[in-house]
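**Student:** Count along the sequence shown from 1, then add 7; that gives the number in the numbering used here. What follows is a structure written as structure tokens; I'll ask about it next.
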Amino acid sequence: MAFCTNCGSKLSDDARFCPSCGQPLAGPVAAASAKAEPLDYTIQGDNL
Numbered sequence: 008m009a010f011c012t013n014c015g016s017k018l019s020d021d022a023r024f025c026p027s028c029g030q031p032l033a034g035p036v037a038a039a040s041a042k043a044e045p046l047d048y049t050i051q052g053d054n055l
């Protein structure tokens with residue numbers, strides 16, 4: 008469950024605006040976190 012960054016109210020998954028304060032949301036709540044790119048680690052000798 009997501010919360011409004013303006014007033015802290017609970018938001019539904021398909022909310023486009025906060026039902027309490029009317030703050031527009033940046034995008035769909037489910038897409039709030041960006042997709043992480045995989046990290047590429049190279050191990051050289053004993054250094055991690």
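The beta carbon of each residue, even a glycine, is placed where N, CA and C say it ideally should be. Nothing here was measured: the structure is a model prediction, and the numbers come from that model.
Taking just the CA atoms, how far does S16 sit from P26?
**Tutor:** The residue labelled residue 26 in the question sits at position 19 within the sequence shown. The residue labelled residue 16 in the question sits at position 9 within the sequence shown. Between P26 and S16, the C-alpha separation is close to 8 Å.
**Student:** For L18, is the classification buried or exposed, using 16 other Cβ atoms within 10 angstroms of its Cβ as the cut-off for buried?
**Tutor:** By 1-based counting over the sequence shown, the position of residue 18 is 11. Buried, since its Cβ has 16 or more Cβ neighbours within 10 Å.
**Student:** Just list the residues that DSSP pairs L18 with in beta bridges.
**Tutor:** The residue you call residue 18 lines up with position 11 of the sequence shown. According to DSSP, which records beta bridges pairwise, L18 is partnered with A9.
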